[in-house]
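Peer 1: I'd like to ask you about the structure that follows.
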Amino acid sequence: MSSRSAGSRIVAIDALRGLVMMLLLPDLSGGFSLYRMAELHPQGAVWQALGRQFTHAAWAGAHVWDFVMPGFVLLVGASMPLSVMARRARGDTTAQLRLHAAIRSLALVVLGLLATRSVPDYFENAMPYLVILGIGLPCSAWLGRRLGLRTVAARLALDAAWAALVLGVALGWMLTNLEGSGAYDLGQILILLGLAYLPAFLMVERGSLAQAAVAVGILAAYGGAFFIYAATVVPPPASPWINGANFAAAVDRAFLNELPRALPYQDEPHGYHTLQFVPLIATMLAGMIAGRAMALSTDRAALAWRMAVVAAGLVAGGLVLGALGIPVIKSLWTPSWALLSTGLLLLVLAVLYRACDVAGHVRWALPFTILGSNAVLLYMMAVHDRWRLAGPWRRLLAGVVPADWWPLAEALLVLATLWLLAWLLARRRLFIRL
């Protein structure tokens, strides 16, 4: 078998993205609102078990819901080499690639900040979509063709100017309306992805061994910083990994109050912190290694098995670190969590790769690939407009669906509505990607 042509799709990546979106979109607070079903059925053992698995672990440990975010992160890394190969094939220079990565990083941070704001009016609600459309559609390329720009330097300047305009408007709006951001932090998923994206991208054309070495070094340095902090702070904490009394929490307390804000930063109760973006780079690099291997493999069946073996090794490594005193804590993205979550998701990716890209069973994956095709747009709609999506269904089905079943029904209807939108966009080949 020959390696894939530049820009060709890997169905496993698209299918896994859709699976992640299927879990996330119905209710951002917990998959399919099963936690609400557990509240409404306190005596139902099945509902209690499902509700527990589809909410985050309180601190140490892992539930199914905890793996949604690392799924996003791994897929961002896996998609990176495919995007670069496609852009290289159409003639993009290194400068163009790096500018695009920098714009994408900043756009994700801006969208994450917008996602954490209150939405007092229609303009505020529209702002994330202006950013998504302004950056996600090839607006500057269209404008460049209209202006007759032919040189790389001219196109780069236009790309930078357009991004500065779109993102500058959004940032300027937030800076002049700081009260809407409240006591914000930088632990939102899009912000963390944006902070991690550019550093990871700088490794995208390096060899797999170099990428793996950097990932290991990042996790070692990140974990070591927690131990050093715990050994030097007075009074010393009982563990480097206590919620609110760890290295990452201390950095946020020192750093976040120096940023423009209307309200002072307060400790994030779930323990999410800005420094979480650092180990996210390692997870992205793991996805990057897998993505390039899948794109270039000449023996896809053998690669699927190698991916499964590596995944098992990562899971074992995470469990060993957990046993050695580095607990599995998703909120801090501890080294043990990074290995465990990356390993389990890589195993899922290997299974999908074997089923879809090796065996050719792709028809079942179509609904998932459709759902994942405009992921950022659908996610932002779930953040800001879920109530609008659910409202018509609530009025239409009032008195039809029993109240104690409504949370699950509403979640499924929201998912169906977003899937239909994704299908309509895909049918018209409108793909809005940052």
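With our numbering applied, the sequence shown covers 9 to 442.
Each residue gets a CB set at the ideal place from its N, CA and C atoms; glycine is no exception.
These figures come from a predicted structure and were not determined experimentally.
#1: What three-state label does DSSP hand A256 in the structure shown?
#2: Taking the continuous alpha helix (DSSP H) assigned at N185, which residues delimit it?
#3: Taking the alpha-carbon of L421 as reference, which of R402, S126 and A303 has the nearest alpha-carbon?
#4: Just curious, the alpha helix (DSSP H) that N133 is in, first and last residue?
#5: To the nearest angstrom, how far is it from the Cα of L355 to the Cα of A46?
#6: Tell me the rounded alpha-carbon separation between A23 and A246.
#7: Measuring alpha carbon to alpha carbon, tell me which of V81, P50, A53 and A57 ends up nearest F285.
#8: I need the boundaries of the alpha helix (DSSP H) containing G6, first residue and last residue.
#9: Please state if the CB of M135 and the CB of Y387 are separated by a distance shorter than 9 Å.
#10: Could you name the residues that DSSP lists as bridge partners for I337?
#11: Grab me the residues of A233's own chain with a C-beta within less than 7 Å of its C-beta, minus the 5 sequence neighbours each way, in chain order.
#12: Are the Cβ atoms of T350 and P89 separated by less than 9 Å?
#13: Return the Cβ separation of G299 and S113 in integer angstroms, given the expectation that the two are a contact with Cβ distance under 8 Å.
#14: Which first and last residues belong to the alpha helix (DSSP H) in which I440 is found?
#15: Is the Cβ-Cβ distance between H71 and R60 less than 9 Å?
#16: Run the CB neighbour count on A162, radius 10 Å, all protein chains shown included, and call it buried at 16 or more, exposed below.
#17: Put W395 into one of helix, strand or coil per three-state DSSP.
#18: For L405, report the span of its alpha helix (DSSP H) as first-last.
#19: Taking the C-alpha atoms as reference points, what is the distance between G368 and F376?
#20: Which residue marks the beginning of the alpha helix (DSSP H) containing R158, and which one marks its end?
#21: Measure the alpha-carbon distance for M182 versus L423 and round it to whole angstroms.
#22: Three or more beta-carbon pairs under 8 Å between the stretch 224-232 and the stretch 144-151, yes or no?
#23: In angstroms, rounded to a whole number, what distance separates the CA positions of T342 and A208?
#24: Under 8 Å, with one C-beta from each stretch per pair, do the stretch 31-47 and the stretch 91-100 reach the 3-pair mark?
#25: What would DSSP say about E418, mapped onto helix, strand or coil?
#26: Is the CB-CB distance between V84 and L138 below 9 Å?
#27: Do we get a CB-CB distance below 9 Å when we pair A390 with the residues of chain D?
#28: Which residue marks the beginning of the alpha helix (DSSP H) containing F235, and which one marks its end?
#29: If we ignore side chains and look at the alpha-carbon of each, how far apart do W170 and G144 end up?
#30: Going by alpha carbons, who is nearest to K338 out of A57, G215, R437 and N251?
#31: Helix, strand or coil for T63, going by three-state DSSP, please let me know.
#32: Excluding the 5 residues preceding and the 5 following L271 in the sequence, name in chain order all residues of the same chain whose CB lies nearer than 6 Å to its CB.
#33: Are A303 and M315 close, meaning C-beta to C-beta below 9 Å?
#34: I'd like to check one pair, L42 with L27: are the Cβ atoms closer than 9 Å?
#35: Mind checking G333: buried by the 16 CB within 10 Å criterion, or exposed?
#36: By the DSSP assignment, the alpha helix (DSSP H) with Q104 in it spans what residues?
Peer 2: In brief:
#1: helix
#2: From DSSP, N185 is part of no alpha helix (DSSP H); its letter is neither H nor E.
#3: R402
#4: Y130 to G144
#5: 30 Å
#6: 43 Å
#7: V81
#8: The shown model of the chain, from 9 to 442, leaves out residue 6, and the question about it has no answer.
#9: no
#10: A68 and G69
#11: F255
#12: no
#13: Going by Cβ atoms, the distance from G299 to S113 rounds to 18 Å, so no, they are not a contact pair.
#14: Taken as a continuous stretch (DSSP letters only), I440 belongs to no alpha helix (DSSP H), as it is neither H nor E.
#15: yes
#16: exposed
#17: helix
#18: Unbroken run through L405: none, as it is neither H nor E.
#19: 16 Å
#20: That residue, R158, is in no alpha helix (DSSP H); it is neither H nor E in DSSP.
#21: 30 Å
#22: no
#23: 18 Å
#24: no
#25: helix
#26: no
#27: Absence of chain D from the displayed structure is noted, only one protein chain being present.
#28: S216 to T240
#29: 12 Å
#30: N251
#31: coil
#32: G190 and A191
#33: no
#34: no
#35: exposed
#36: T102 to A123
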